[in-house]
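Okay, so here's the structure we're looking at.
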Amino acid sequence: MSLRVISMDAMGRFVASSRSEYRVVGPKPLHGQYIFGDVESPDDLHLNYTQTVIPPKKYLFPQREELLRFKSGDGEIEPVFDAPPTILLGLHTCDLHAIRLLDRVFSSGHVDQHYRRRRDNTLVISIECLRPCSRHSFCKSMGTLSATDAFDLHLTDLGAEYTVDVGSEAGEALLAKHAKTRRATDDDYQRLNTALAQKWPHFPYRLDFDVSELPSLMRTSYNSPLWKDLGERCLACGSCTNVCPTCYCFNVQDEVDFALSAGRRVRIWDSCQLDEFATIAGGHNFRKTRAERQRHRFLRKGQYQTDAFGLLGCVGCGRCAQACLAHITPVDTFNTLHHERSGGAARPKGGAA
Amino acid sequence: MSRPKVAFFDFTSCEGCQLTVVDTLQTHPELLDAVEIVQFREAMTEKGEDYQIAFVEGSCARKSDEERLARIRQQAQIVVALGACAHLGGINAIRNRLPLEAVVNCVYNENGDWSETHPYGRPRLSDRLINVEPTAKPIEAIITVDAILPGCPIDREEFARVTRQLLQGSQPRVPDYPLCVECKFKENVCLFQRGQVCLGPVIRAGCGAICPTYGESCEGCRGPISNPNMDSMQSVLAEAGLTADDLLSRFSMFGTYQMMKLE
Ligand code: SF4
Ligand code: SF4
Ligand code: SF4
Ligand code: SF4
Ligand code: SF4
């Protein structure tokens, strides 16, 4: 749509003013990393941040969420929606791509009303990454190092000012109401172009092949000996999926009160890496071994999601690689499969560029 | 609907889990409308012997315990192991690696042979050890256990939930996945990233990862998950600088009984 410019000071006032209407959440420092949390004041703004422990997905699809309440006597059922107007501030572009996938997943077929309600009440303000966020990220290889159309506003840090790319009417209205901005001049466009051009050389390509080959690579990797190796190392701890911005598996449980007369239905994040995940009625587990579960995970990331939703299931944020104590990473996994197939020499483990 | 009769029993333990139950009865008073407590030494004087659900706290550590456990099993339709001592053997089992005399010396020093506070004055060490079993055991080593409430102490919400499930007539389910799951839900920065170590990847979740949340290593009080990857866990800890001895002592705090069974 249009490009505007906002000063650092005006940014702080924008946040303070928006808080009268919205819950504003953004990255905040914690023990050397960051987590998304409530931005209470302009001092809470940390837009120049490295990767968060878990992605901002938690505001659209929380770890634990009440879906409905029921009474057992008259069979009364009431859905529960908790979707306060929210601004997700400072999303990196990998997380933006992930939300684009979640939007498709939760809105296709049987529309997920709980996700949809939150998403419709959420404005997304993303920010351009000008330097790599961690040694584990590989967004450049995955094609997620620039914005996709899921944002309402998109920021680029030009030093004393940000450019603001307006991506939606809602974003435009938000700016008009709460922020003091000015229209971008030719000079601003020039500065933006320079910043964007200069950023790319700082990011390494970490896949040894072009990402467009990934789905086909995964299709022929079902019987790779790699899965057994990963299965031996994997702790089945679920950290890789719990920190992943594109994972969306959940479990649904009913909780009843002591009098057994009323209760609530909740959904909780689940993980395909846990022992019990694929256990169905009767106790049969159709993915018993850690090797089978690792294979499933990577096939989902590299192939299944493209087949089903037209987008890759991995955005290269590197969170899973950071979280995995057994050092199982998508980069090593995909590269090893690639070299197995092409017969070339595999790169050493841990293969940061 | 008549209320199910419930009894609480204690064996070798610190009574912290029973205290958590007392606490839960105050935060969840609805519980008292749902069950009838007939025996609970920590909270009441009556000792009813007619009960359907028995919560058993403490390890089996004395010779006389076995018979008492068998009687409880005979009476109760459902036996629940309450807390790490009953569930795992726990802290009490640390002594299993040493001869009893050495344990007494370790705890009471050279004064081990007498005790001012002992009700019968100063019995000889050998007399006092007559009723003590050389190994402290989880109660499931003696009787069948229908449900567990892990932890040192137990988790209040889990106690309430498991009790609700028992009242519903369903098999209570406690998590059988690693602590890391709850730790990530809380969005903690992993202790390994902060230069510390943690047993979370092989320990049963359910406490809300309370120790890592406060910056402390999980010591494993809820016991291992049913299918832990111990080899990989050992490599992770070794990479973090732990020696084989460190490893052993880490797992010994609550897991001595289980480790000795594997040896
Ligand atoms: S984080 Fe690593 S060890 Fe844990 S389940 Fe995932 S791959 Fe396995
Ligand atoms: S698989 Fe790993 S790198 Fe890919 S999106 Fe998920 S957490 Fe990020
Ligand atoms: S992975 Fe790439 S896009 Fe995502 S935060 Fe890091 S640098 Fe930015
Ligand atoms: S701190 Fe412990 S429980 Fe938490 S993620 Fe790390 S290893 Fe797992
Ligand atoms: S974190 Fe570990 S040691 Fe602490 S309460 Fe939970 S299971 Fe027990």
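Residue numbers (my numbering), protein chains in the order written: chain A, 1 to 353; chain B, 1 to 263. The beta-carbon is built from N, C-alpha and C at its ideal position, and this holds for glycine as well.
Contacts with chain B at 8 Å (Cβ-Cβ) do not include A:I328. At a cut-off of 8 Å between beta carbons, A:F298 makes no contact with chain B. Of the heavy atoms belonging to ligand 5, none sits nearer than 7 Å to the Cβ of B:G89.
Taking the CA atoms as reference points, A:L235 sits about 10 Å from A:I328. Judged by beta-carbon spacing, A:D103 lies within the 8 Å limit of A:A150, meaning their Cβ atoms are closer than that value. For A:E65, the enclosing beta strand (DSSP E) starts and ends at R64 to K71. Within the stretch 222-243 of chain A, contact with chain B at the beta-carbon level (separation under 8 Å) is assigned to E232, R233, C234, L235, A236, C237, G238, S239, N242 and V243. The Cβ atoms of B:L69 and B:I143 lie closer than 8 Å to each other. Not a single C-beta of chain B is nearer than 8 Å to the C-beta of A:Q294. Taking a Cβ-Cβ threshold of 8 Å, the residues of chain B close to A:E276 are D176 and Y177, in chain order. Under the criterion of beta carbons closer than 8 Å, A:R264 and A:E76 do not qualify as touching, at roughly 13 Å. CA-CA distance, B:T256 to A:V252, rounds to 36 Å. CA-to-CA, the gap between B:A76 and A:D257 works out to about 24 Å.
Between A:A160 and A:M1, the C-beta gap is not smaller than 8 Å, which leaves the two residues out of contact. Counted as a single uninterrupted DSSP element, the beta strand (DSSP E) harbouring A:H154 occupies residues L153 to D157. Every beta strand (DSSP E) stretch that sits fully inside the stretch 182-264 of chain A and reaches 3 residues is listed by chain position as 250-256.
Setting aside the 5 residues that flank it on each side, A:E292 is surrounded in the same chain by W227 and G231, each with a C-beta closer than 8 Å to its C-beta; the list follows chain order. The C-beta distance from A:F250 to A:D275 rounds to 17 Å, too long to meet the 8 Å contact threshold. Judged by DSSP in its simplified three-state form, B:E67 adopts helix. For B:V162, there is no enclosing beta strand (DSSP E); the enclosing alpha helix (DSSP H) has its first and last residue at R156 to Q168.
Shortest Cα-Cα distance from A:T306 to any of A:R267, A:E213 and A:P56 involves A:E213. Any heavy atom of ligand 4 within less than 5 Å of a residue's beta carbon puts that residue on the list, which reads B:L179, B:C180, B:C183, B:C190, B:L191, B:C198, B:G200 and B:P212. The Cβ neighbour count for A:V80, taken over all protein chains shown within 10 Å, is under 16; the residue is labelled exposed. Excluding its 5 nearest sequence neighbours in each direction, B:K63 has C-beta neighbours in its own chain below 7 Å: N131 and E133, listed in chain order.
In terms of side-chain proximity, the C-beta atom of A:K301 is found nearer than 7 Å to a non-hydrogen atom of ligand 2. Below 8 Å, too few C-beta pairs join the stretch 181-197 of chain A and the stretch 134-142 of chain A to call them touching: fewer than three. Judged by the Cβ position, A:G318 qualifies as a neighbour of ligand 2 at the 7 Å threshold, a heavy atom of the ligand being closer than this. By DSSP's assignment, B:Q39 forms a beta bridge with B:A7 and B:K47. For A:K28, the uninterrupted beta strand (DSSP E) run begins and ends at R23 to L30, by DSSP.
Taken from the Cβ of A:A10, every heavy atom of ligand 5 lies 7 Å or farther away.
Put simply, the CB of B:Q234 is far from chain A, with every gap to its CB atoms at 8 Å or more. In summary, B:N229 is buried, with 16 or more beta-carbon neighbours lying within 10 Å of its beta-carbon over all protein chains present.
Residues of chain B with a Cβ closer than 7 Å to the Cβ of A:H31 are, in chain order, V189 and R194. Taking every residue with its beta carbon within less than 5 Å of a heavy atom belonging to ligand 1 gives, in chain order, A:C234, A:L235, A:C237, A:S239, A:C240, A:Q273, A:C324, A:A326 and A:I328.
Along the stretch 87-113 of chain B, none of the residues has a CB nearer than 9 Å to a CB of chain A.
Separation of the CB atoms of B:K186 and B:A160 is rounded to 20 Å, and the pair is thereby denied contact status at 8 Å.
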